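See below for the structure under consideration.
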Amino acid sequence: MSWPASIQEIIEEFQEIEDQFERLEVLMDFSSEVDELPLEEWNDSNLVRGCQSVAHIEVEIRDGKVWMKAAADAKMVQGLQGILSIAVNGSSPQSVLELTPAFAEEAGILVSLTPSRSNGFRTMFDMVQNSVKESIQ
Amino acid sequence: MKQDFPIFSREINGRPLVYLDNAATTQKPSCVIDAMSDYYSSSNANVHRAVHTLAGEATEGYEECRRLLKQRYNCDYAVITSGTTEAINLAARAWGEYNLNAGDAIVLTEMEHHSDIVPWQMLAERIAVELRFVPFENGLLDMAALDVALQDAKLVCVVHTSNVLGVRNPVEEIIAKSKKVGARVLIDAAQAVPHEMIDFKELGADFLAFSAHKMCGPTGIGALLISGGAFSEMKPFMGGGDMIETVTLQGSTYQSNEHKFEAGTPRIAEGFGWAAALEWISKIDLKSHHSRLLEIARGVSKQLSEKGMTVYSTLNPGDAAVVSFTHPTIHPEDFARLLDAQGIAVRTGHHCAQPLMDKLGVNGTIRASFYLYNDASDAEIFLAGIDRVLEAMA
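Written as structure tokens, this is what we have:
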């Protein structure tokens, strides 16, 4: 499957790493890509349900492009949010809706996580797509 | 001892396995795995009814597990359950429902595992019993508060050894005080029987609940030991095959022994496995291993504190070798994941004891729990793993 260049780059970066510890370090480095959702904007509607750590995601469409803000108390969840930000920020709503979470599997990111975390990634991914759907309806 | 356990020959993420999640479940020695496999390979049949050879072997093997339980823990009644949780639920249903009335008090502690809270909350919903929780401070139960809570209490349910903190409660004193007010006593011994020998009659409790898998036995099997007095007050909770004496369309009569609480085909292979584990552990000097592991845990605890961690375990004499801790900024799940990447298995989260977490003022801890096969080298690898995590997260 072909991916947008920004995602392809992430997939290749992860595929090159053999050591599990290093892979997790790189995942955490992606936390710096998150446009942080300020604490005062955390609420029930942007809470990521079913995630073992506390995580929030807010999506908005500005000038026809998708932008997400996020926050989490665990660094690896922030890293996942960072990767998701790269995948969706600045894209058109249509291209976000066409995206599948399979890129994370292809990169082997989810293999290195517990089921609760990898399900959390899919939940966050679904949350972004559902917000985009609601916004353009 | 690790050579008895096939799992220690494998690597996790390219590193030899260092298993420190023993309070959740322990690893299985070859004799347990072989006993279960042998049962399926050569004796598989249902127990109790049939007269053929295989049924005889299956019955003998399964009942051998009960015999060993009664012998090891000195008790007259051992009901085999799916584990500690089912054992406590059985006590709530088969004893609680028939011996407690609306307004009767059950005394619990804030240190209980969910499996010793929820069944009583469900009973309270059904028959409006009152639940009284004894608080604790710095790992110690408030015994003065216990005295107050005991007034007119009908049942006292206490965890022997905390799965989160490793704290061993003064169960002997609690039982003595409870008996003075005429209350029945249930002890959650899931974390106790793996670490110390218990003489059920000498202890004087009415119910003792525990699981096989925390003492190198299989998952899916456990026991409720019951005193003669409490046993005579219980009525069957689950109906079905194997627990009856006679069945007519007008009604049924039940078996008089433990079988009346074991409806349906029991956990036969697990019974074979647990019997093997009981035989295996009977050759182990638990007392000397306990002292050895407690020393290792104390060393680990000291170093974790020096590295900036908050340690919640007290590690007093008698406590289990469990080190529960948090880091001021690193999320427990991140911590555990980075340890796993180095082949080190620990537990994170609320450990099925949310009220205890509330009391500690945290959402979860990282828990390293040591067992018979762990040694000083595991502790060294664990501490080196911690250093690598701290370095990576600095």
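So the protein sequences, as listed, match chains A and B.
So the numbering used here is basically just the index in the first sequence, starting at one, shifted up by 76.
So the numbering used here is basically just the index in the second sequence, starting at one, shifted up by 921.
A virtual CB, placed ideally from N, CA and C, is assigned to each residue, including glycine.
Every value quoted in this text rests on a predicted model; they were computed, and no experiment measured them.
Asked, Found
"Spatial distance of Phe-1152 (chain B) from Met-1136 (chain B) (CA atoms)", "26 Å"
"Any 3 or more C-beta pairs closer than 8 Å across the region 1031 to 1041 of chain B and the region 1164 to 1184 of chain B", "no"
"Endpoints, the beta strand (DSSP E) within which Thr-980 (chain B) is located", "Not the beta strand (DSSP E): Thr-980 (chain B) falls in the alpha helix (DSSP H), residues 974 to 994."
"Pro-950 (chain B) burial status per 10 Å Cβ neighbour count (16 or more: buried)", "buried"
"Which residues DSSP lists as bridging Ile-1265 (chain B), in chain order", "B:Val-939"
"DSSP state of Tyr-1175 (chain B) mapped onto helix, strand, coil", "strand"
"Outcome for Tyr-961 (chain B) when other beta-carbon atoms lying within 10 angstroms are tallied against a minimum of 16", "exposed"
"Partners in chain B for Glu-89 (chain A), counting only beta-carbon separations shorter than 9 Å", "The contacting residues do not exist; Glu-89 (chain A) stays about 17 Å from chain B at best."
"Alpha-carbon to alpha-carbon, Cys-986 (chain B) and Leu-935 (chain B)", "In the sequence as presented, Leu is not what sits at residue 935 (chain B); that position holds Gly. Distance between the alpha carbons of Gly-935 (chain B) and Cys-986 (chain B): 38 Å."
"Cβ-heavy atom distance, Gln-1224 (chain B) to the ligand NAD, below 7 Å", "The model on display carries no ligand, and the ligand NAD is accordingly not part of it."
"Reference Glu-92 (chain A); option with closest CA among A:Ile-185, A:Asn-195 and A:Ser-207", "A:Ile-185"
"The beta strand (DSSP E) enclosing Lys-141 (chain A), as first and last residue numbers", "141 to 148"
"Strand pairing of Leu-1321 (chain B), partner residues [DSSP]", "With chain B covering 922 to 1315 only, the question about residue 1321 (chain B) has no answer from this structure."
"Beta-carbon spacing of Val-1092 (chain B), His-1081 (chain B) below 8 Å", "yes"
"Of the listed residues B:Ala-1198, B:Lys-1204 and B:Gly-1161, nearest to Gly-1185 (chain B) (C-alpha basis)", "B:Gly-1161"
"Closest by C-alpha distance to Pro-1253 (chain B), when choosing among B:Ser-964, B:Val-1310, B:Ile-1202 and B:Gln-1112", "B:Val-1310"
"Terminal residues of the beta strand (DSSP E) in which His-132 (chain A) lies", "131 to 138"
"Residue(s) in a DSSP beta bridge with Glu-932 (chain B)", "B:Pro-937"
"Residues bridged to Thr-1169 (chain B) [DSSP beta-bridge criterion]", "B:Gly-1172"
"Sub-8 Å separation of Leu-103 (chain A) and Gly-140 (chain A) beta-carbons", "no"
"Residue burial classification, Arg-931 (chain B) (beta-carbon count within 10 angstroms, cutoff 16)", "exposed"
"Cβ neighbour criterion (16 or more within 10 Å) applied to Ser-964 (chain B)", "buried"
"Within chain B, the residues that Phe-97 (chain A) reaches when beta carbons sit closer than 8 Å", "Asn-934, Leu-1259, Ala-1262, Gln-1263, Arg-1309 and Ala-1313"
"For Asn-967 (chain B) and Thr-980 (chain B), the rounded distance between their alpha carbons", "8 Å"
"Beta-carbon proximity list for Arg-993 (chain B), same chain, < 7 Å, skipping 5 on both sides", "Leu-1199 and Ser-1203"
"C-beta contact flag for Ala-1130 (chain B) and Thr-1005 (chain B) at 8 Å", "yes"
"Any C-beta of chain B under 8 Å from that of Ala-180 (chain A)", "no"
"Under the three-state DSSP convention, the category Ala-1113 (chain B) falls into", "coil"
"Complete beta strand (DSSP E) runs within the region 1051 to 1115 of chain B (minimum length 3 residues, chain order)", "1051 to 1055, 1074 to 1080 and 1105 to 1109"
"Leu-113 (chain A): contacting residues in chain B (beta-carbon distance under 7 Å)", "Those do not exist, as Leu-113 (chain A) stays about 17 Å from chain B at its closest Cβ, beyond 7 Å."
"Cα-Cα separation, Met-1064 (chain B) to Ala-945 (chain B)", "28 Å"
"Interface flag, Ala-150 (chain A) vs chain B, CB-CB below 8 Å", "yes"
"Buried/exposed call for Leu-115 (chain A), threshold 16 Cβ in 10 Å", "exposed"
"Beta carbon of Ile-1265 (chain B) nearer than 8 Å to that of Gly-1306 (chain B)", "yes"
"Cβ neighbours of Val-1267 (chain B) in the same chain (closer than 7 Å, five flanking residues each side left out)", "Leu-941, Asp-942, Ala-1257, Leu-1260, Ile-1287, Arg-1288 and Ala-1289"
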